[in-house]
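Chemist: Heads up, the sequence shown is in the numbering used here, so the first residue is 458 and it goes up one at a time.
We put the beta carbon where it would ideally sit given N, CA and C, even for glycine.
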Amino acid sequence: MKRILTYGTYDLLHYGHIRLLKRAKALGDYLIVAISTEHFNEIKGKKAYHNYETRKEMLEAVRYVDLVIPENDWDQKRDDVINYHVDTVVMGSDWDGHEKFENLRDICEVVYLDRTEGVSTTKIKEELHLSEDNLYSGK
Ligand code: C2G
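1) Is DSSP giving V519 helix, strand or coil here?
2) Hey, is the segment 464–478 in contact with the segment 568–584, meaning 3+ C-beta pairs nearer than 8 Å?
3) Would you kindly work out how many angstroms separate the C-alpha atoms of K504 and E584, rounded to a whole number?
4) Determine the DSSP secondary structure at E566, reduced to helix, strand or coil.
5) Considering only the beta carbon of each residue, do L524 and I489 sit closer than 7 Å?
6) Would you kindly check if the distance between the Cβ of W531 and the Cβ of K513 is under 7 Å?
7) Does the separation of the CB atoms of D468 and T578 fall below 7 Å?
8) For the segment 496–511 against the segment 544–554, do three or more pairs of beta-carbon atoms, one drawn from each stretch, fall closer than 8 Å, so that the two count as touching?
9) Taking 7 Å as the cut-off, decide whether the C-beta atoms of G549 and L462 are in contact.
10) Which first and last residues belong to the beta strand (DSSP E) in which L470 is found?
11) Can you find the residues in the same chain that come closer than 6 Å, C-beta to C-beta, to I564, ignoring five residues on each side of it along the sequence?
12) Name the one or two DSSP bridge partners that E528 has.
13) Output the boundary residues of the beta strand (DSSP E) element that contains V547.
14) Which of the three DSSP states, helix, strand or coil, is assigned to R572?
Here is the structure:
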């Protein structure tokens with residue numbers, strides 16, 4: 458049973474997130490997603506539209522996800538890997554080489570997967586705010 462762990466805010470869940478989760482799950486048998494609490498989002502300087510419980514509920518509905526746990530601070534990753542018996546930590550390529558993940562290489566594999574271009578929570582927020590024209594009309 459190969460256990461995979463990934464981290465993120467996962468706000469306004471979009472296909473970039475889903476494609477990351479799908480590819481992460483394909484690397485093993487069990488996928489744990491640690492999502493940022495409001496407290497940790499503040500530390501990251503991010504403000505999520507949905508609160509932790511809602512983001513957790515949405516991720517738990519994704520077929521690739523087996524367990525959702527809270528991410529409260531930068532420094533829990535080592536404990537997470539040990540406590541959840543993780544084989545591989547997976548992140549999107551925007552995190553490639555980041556010390557918070559590179560520092561885990563002595564206790565697990567670390568894999569960065571290409572980010573999906575053209576979509577981000579920030580882009581969605583900006584475009585939805587601009588005008589109704591950005592909404593998919595279905596025509
Ligand atoms: N992602 C992606 N493609 C996108 C957007 C996001 O592959 N178009 C990936 C990111 O690389 C990340 C995951 O989806 O691996 C979650 O993205 P965010 O919710 O933006 O997470 P982030 O703010 O990067 O938080 O401790 C690490 C942090 O909690 C990561």
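Modeler: Looking at the atomic coordinates:
1) On the sequence shown, residue 519 is found 62 positions in, with the first residue counted as 1. Looking at V519 - three-state DSSP - the assignment turns out to be coil, as it is neither helix nor strand.
2) yes
3) In the sequence shown, the residue the question calls residue 504 occupies position 47. In the sequence shown, the residue the question calls residue 584 occupies position 127. Roughly 17 Å between the two C-alpha positions.
4) Looking up residue 566 in the sequence shown gives position 109. Strand.
5) Along the sequence shown, one-based indexing puts residue 524 at 67. Along the sequence shown, one-based indexing puts residue 489 at 32. Yes; because the gap between Cβ atoms is below 7 Å, this pair is in contact.
6) The sequence position of residue 513 within the sequence shown is 56, counting from 1. The sequence position of residue 531 within the sequence shown is 74, counting from 1. Not closer than 7 Å, so no.
7) By one-based count along the sequence shown, residue 468 stands at place 11. By one-based count along the sequence shown, residue 578 stands at place 121. Taking 7 Å as the Cβ cut-off, D468 and T578 qualify as a contacting pair.
8) no
9) On the sequence shown, residue 549 is found 92 positions in, with the first residue counted as 1. On the sequence shown, residue 462 is found 5 positions in, with the first residue counted as 1. No.
10) As a first step, residue 470 must be located in the sequence shown, where it is residue number 13. Per DSSP, L470 belongs to no beta strand (DSSP E) and is neither H nor E.
11) As a first step, residue 564 is located in the sequence shown; it is residue number 107 there, counting from the start. V538, listed in sequence order.
12) Residue 528 sits at position 71 when you count from the first residue of the sequence shown. Paired residues: S493.
13) Within the sequence shown, the letter at position 90 stands for residue 547. Segment T545 to G549, the beta strand (DSSP E) holding V547.
14) Within the sequence shown, the letter at position 115 stands for residue 572. Reduced to three states, the DSSP call for R572 is coil.
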